[in-house]
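Participant: For my numbering, count along the sequence shown from 1 and bump the result up by 55.
Quick one: structure below, then a few questions.
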Amino acid sequence: MKLYTKGGDKGRTSLIGGERVRKTDVRVEAYGTADELQANIAYLADKMSHEEVLMPYVEDCRRICSKLMTVCSLLAVGCNCEYEMPKISEEDIAWLEGRIDALQAELRPIECFTVPGGCELASLCHVCRTVCRRAERRAIEAAENYNINKILLVLLNRLSDYLYALCRTITERLEAEEVLWRS
């Protein structure tokens with residue numbers, strides 16, 4: 056089987072179920088941004104795997120990447136799709152909230168906003184957080200126009216919170232300077 060089909064050469068692509076849409080369709084933008092987020096989180100996990108003190112968070116990131124693949128597939132569903140699709144569940148949200156709470160419990164309270172910087176891994180984590188916020192915005196727009204399960208919007212919202220807590224955790228574990236916002 057060839058990797059290329061030439062089906063997208065004129066700016067169109069197929070959604071799951073066969074519906075053909077422009078590559079600028081809001082659903083394509085949404086799942087494309089979630090895919091970009093997944094790639095960035097995988098890169099973050101690979102970079103963190105070189106730091107022993109960050110190993111517990113590598114598995115979190117790998118689990119999150121798997122959930123993001125589910126998010127991508129749910130955003131890529133066409134209007135007449137009859138396939139049984141994977142789900143995002145309340146348990147997925149609860150797991151993420153539990154991880155956020157666990158990270159927060161070990162961090163100093165926030166006295167003012169932090170900004171990207173301090174060390175390479177914290178900055179990369181902030182890149183993931185900002186791409187997550189964009190993925191959430193694109194998914195919201197798609198959900199306003201198509202039948203998309205709103206629980207994936209909750210997952211993306213919690214994920215940006217997790218990534219913020221992870222940024223702060225990385226900074227602390229690596230004993231880097233936390234860069235604070237000075238207005």
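Note that beta-carbon positions come from the ideal geometry of N, C-alpha and C, so glycine has one too.
For SER144 and ARG184, which I take to be in contact (beta-carbon distance under 8 angstroms), what is that distance rounded to the nearest angstrom?
Facilitator: Working through the sequence shown from its first residue, we reach residue 144 at position 89. Working through the sequence shown from its first residue, we reach residue 184 at position 129. In fact, because the Cβ distance is near 23 angstroms, the residues do not count as touching under 8 angstroms.
Participant: Identify, in the order they occur along the chain, each residue of the same chain with its Cβ nearer than 8 angstroms to the Cβ of GLU152, setting aside the five sequence neighbours on each side.
Facilitator: One-based indexing of the sequence shown puts residue 152 at position 97. Correct list, in chain order: ARG213.
Participant: Indicate the three-state DSSP secondary structure (helix, strand or coil) for THR169 in the structure shown.
Facilitator: Stepping through the sequence shown from its first residue, residue 169 is reached at position 114. Looking at THR169 - three-state DSSP - the assignment turns out to be strand.
Participant: Counting C-beta neighbours from all protein chains within 10 Å, is the total for THR226 16 or more, i.e. buried, or is it exposed?
Facilitator: Here residue 226 refers to the residue found at position 171 of the sequence shown. By the neighbour-count rule (16 or more Cβ atoms within 10 Å), THR226 is buried.
Participant: For a quick check, are the C-beta atoms of ILE148 and LEU92 less than 8 angstroms apart?
Facilitator: Looking up residue 148 in the sequence shown gives position 93. Looking up residue 92 in the sequence shown gives position 37. Contact: no.
Participant: Report the rounded CA-to-CA distance for VAL83 versus LEU130, giving the unit in angstroms.
Facilitator: On the sequence shown, position 28 is the one that residue 83 refers to. On the sequence shown, position 75 is the one that residue 130 refers to. Cα-Cα distance, rounded: 8 angstroms.
Participant: Which residue wins for smallest C-alpha separation from MET124, given the options ASN95, ALA177, ASP101 and LEU109?
Facilitator: Counting from 1 along the sequence shown, the entry for residue 124 is found at position 69. If we check each option's Cα against that of MET124, ASN95 comes out closest.
Participant: Return the CA-CA distance between ALA198 and LYS205, expressed in angstroms with no decimal places.
Facilitator: As a working mapping, residue 198 is identified with position 143 in the sequence shown. As a working mapping, residue 205 is identified with position 150 in the sequence shown. Each residue's Cα considered, the two are about 7 angstroms apart.
Participant: Any chance the segment 96 to 114 sits against the segment 63 to 79, with 3 or more Cβ pairs inside 8 angstroms?
Facilitator: Contact between the segment 96 to 114 and the segment 63 to 79 is absent, because fewer than three Cβ pairs lie under 8 angstroms.
Participant: On the premise that LYS102 lies in contact with LEU176, defined as a C-beta separation below 8 angstroms, what is that separation, rounded to the nearest angstrom?
Facilitator: On the sequence shown, position 121 is the one that residue 176 refers to. On the sequence shown, position 47 is the one that residue 102 refers to. Sure, about 6 angstroms apart at Cβ, within 8 angstroms.
Participant: Does the beta-carbon of VAL170 have 16 or more other beta-carbons within 10 angstroms, so that it is buried, or is it exposed?
Facilitator: Position 115 of the sequence shown, counted from the start, is the residue given in the question as residue 170. When all chains shown are included, VAL170 counts as exposed.
Participant: Quick check on this structure: which residue in ARG67, ARG223 and ALA85 has the alpha carbon closest to the alpha carbon of ARG188?
Facilitator: Here residue 188 refers to the residue found at position 133 when the sequence shown is read from its first residue. Ranking ARG67, ARG223 and ALA85 by Cα distance to ARG188 puts ALA85 first.
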